[in-house]
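Visitor:
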Amino acid sequence: MPARGPSRGGGGQAVTRELLAANVHFYGGLFLGIMFLFNWFAQLTPTFTALGADTVSLVWIVLDAGLPLLWGSMGMFLLRGARE
Numbered sequence: 001m002p003a004r005g006p007s008r009g010g011g012g013q014a015v016t017r018e019l020l021a022a023n024v025h026f027y028g029g030l031f032l033g034i035m036f037l038f039n040w041f042a043q044l045t046p047t048f049t050a051l052g053a054d055t056v057s058l059v060w061i062v063l064d065a066g067l068p069l070l071w072g073s074m075g076m077f078l079l080r081g082a083r084e
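Each residue of the sequence shown is one higher than the one before, counting from 1 in the working numbering.
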């Protein structure tokens, strides 16, 4: 059975630090964006009762803590890339 790994298939490139950082920023932003939209639409619809008030508050707390961290690290990543 042939070995599977990053060298097989299309690209064949190793995972670099820049690629990993870019993917963490992208998928982190996507995750927080989905959480934001889900919670926002839950707030707009008063008949939506799948989430309790404690859960909605927790999601807003996670968003309030996560977005500045994500944006700050993304900004530093972009500033470092602009200097190169």
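Cβ coordinates follow ideal geometry from the N, Cα and C atoms, glycine included.
A quick note: this is a predicted structure, and the numbers were derived from the prediction, not measured.
Just mark Asn23 as buried or exposed, buried being the case when its beta carbon has 16 or more other beta carbons within 10 Å.
Guide: One-based indexing of the sequence shown puts residue 23 at position 23. Asn23 is exposed by the Cβ-count criterion.
Visitor: Mapping the DSSP letters down to three states, classify Gly33 as helix, strand or coil.
Guide: Looking up residue 33 in the sequence shown gives position 33. In this structure, Gly33 counts as helix in the three-state DSSP scheme.
Visitor: Below 8 Å on the Cβ atoms is my guess for Gly29 versus Leu69; work out the distance and round it to an integer in Å.
Guide: Along the sequence shown, one-based indexing puts residue 29 at 29. Along the sequence shown, one-based indexing puts residue 69 at 69. In fact, because the Cβ distance is near 11 Å, the residues do not count as touching under 8 Å.
Visitor: Pro85 by DSSP, collapsed to three states: which one?
Guide: With the chain represented from 1 up to 84, any question about residue 85 goes unanswered, as that position is not in the structure.
Visitor: Nearest to Ala65 by CA position, among Thr47, Leu78 and Leu32, is which residue?
Guide: Within the sequence shown, residue 65 is the residue found at index 65, counting from 1. Comparing Cα positions, the closest option is Leu32.
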